[in-house]
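J.: What follows is a structure written as structure tokens; I'll ask about it next.
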Amino acid sequence: MRHFILTVSLLALSAGTVIAKPPLRDVAQIDNAVFDVAVADQIRKKCDDIAPRVITALSLYRETRKLARKLGYTDDEIEAYGDSKVEKARMRAKGEAYMRANGVVTSDPQSYCALGRKEIQKASRIGSMLREK
């Protein structure tokens, strides 16, 4: 009987223990998907020769939200991450660094086109959201 009471007590204590979720920025699958969409979006905005593959981007958006929910994040938490000025600034800086490292010069639209073509040719996730006009 004493063993039973101890087991039930331990189960009750463990049920009350909440495991904290990491911030969405620390979930690589989520953060990397957001990064790829952000880079693809900048390329298509800056290069007139490249258009977005809107359905592909929307599919990735839906899959990423679905994954976040599956990982236990609420719609409010997902929205807060997406709307955060801090996260937008962090993502912008990360994207700018990536583009600079890949030859993009902000004053040269053709450098965005070159990166876009490179991503399309590599069949990267960024490239999958872009197409040449």
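Quick note: the sequence shown uses this note's numbering, first residue -10, plus one each step.
Note that the Cβ used here is the ideal one computed from N, Cα and C, for glycine as well.
Pull up the CB-CB distance for LEU60 and VAL26, whole angstroms please, since I reckon it's below 8 Å.
T.: On the sequence shown, residue 60 is found 71 positions in, with the first residue counted as 1. On the sequence shown, residue 26 is found 37 positions in, with the first residue counted as 1. So it is not a contact: roughly 18 Å between Cβ atoms.
J.: Shortest alpha-carbon distance to MET80 belongs to which of ALA9, ASP65, ALA22?
T.: Here residue 80 refers to the residue found at position 91 when the sequence shown is read from its first residue. Closest by alpha carbon: ALA22.
J.: In whole angstroms, what is the alpha-carbon distance linking LYS35 and MET88?
T.: Taking the first residue of the sequence shown as 1, we reach residue 35 at position 46. Taking the first residue of the sequence shown as 1, we reach residue 88 at position 99. Spanning the two alpha carbons is a distance of roughly 12 Å.
J.: Going by beta-carbon coordinates alone, are PHE24 and LYS77 separated by less than 8 Å?
T.: The residue labelled residue 24 in the question sits at position 35 within the sequence shown. The residue labelled residue 77 in the question sits at position 88 within the sequence shown. No, these two residues do not count as a Cβ contact at 8 Å.
J.: Between ILE32 and PRO11, what straight-line distance do the alpha-carbon atoms span, to the nearest angstrom?
T.: For the purposes of this step, residue 32 is taken as the residue at position 43 of the sequence shown. For the purposes of this step, residue 11 is taken as the residue at position 22 of the sequence shown. Cα to Cα, the separation comes out at about 30 Å.
J.: Where does SER94 land, buried or exposed, given buried means 16+ other C-beta within 10 angstroms?
T.: In the sequence shown, residue 94 corresponds to position 105, counting from 1. Checking the displayed sequence, the identity of residue 94 turns out to be Val instead of Ser. So VAL94 ends up on the exposed side.
J.: Relative to the alpha-carbon of ALA17, which residue among VAL28, GLY105, LEU56 has its alpha-carbon at the smallest distance?
T.: Here residue 17 refers to the residue found at position 28 when the sequence shown is read from its first residue. When each option's Cα is compared against that of ALA17, the closest is LEU56.
J.: In or out: VAL28 buried (at least 16 other Cβ within 10 Å) or exposed?
T.: The residue labelled residue 28 in the question sits at position 39 within the sequence shown. That one is buried.
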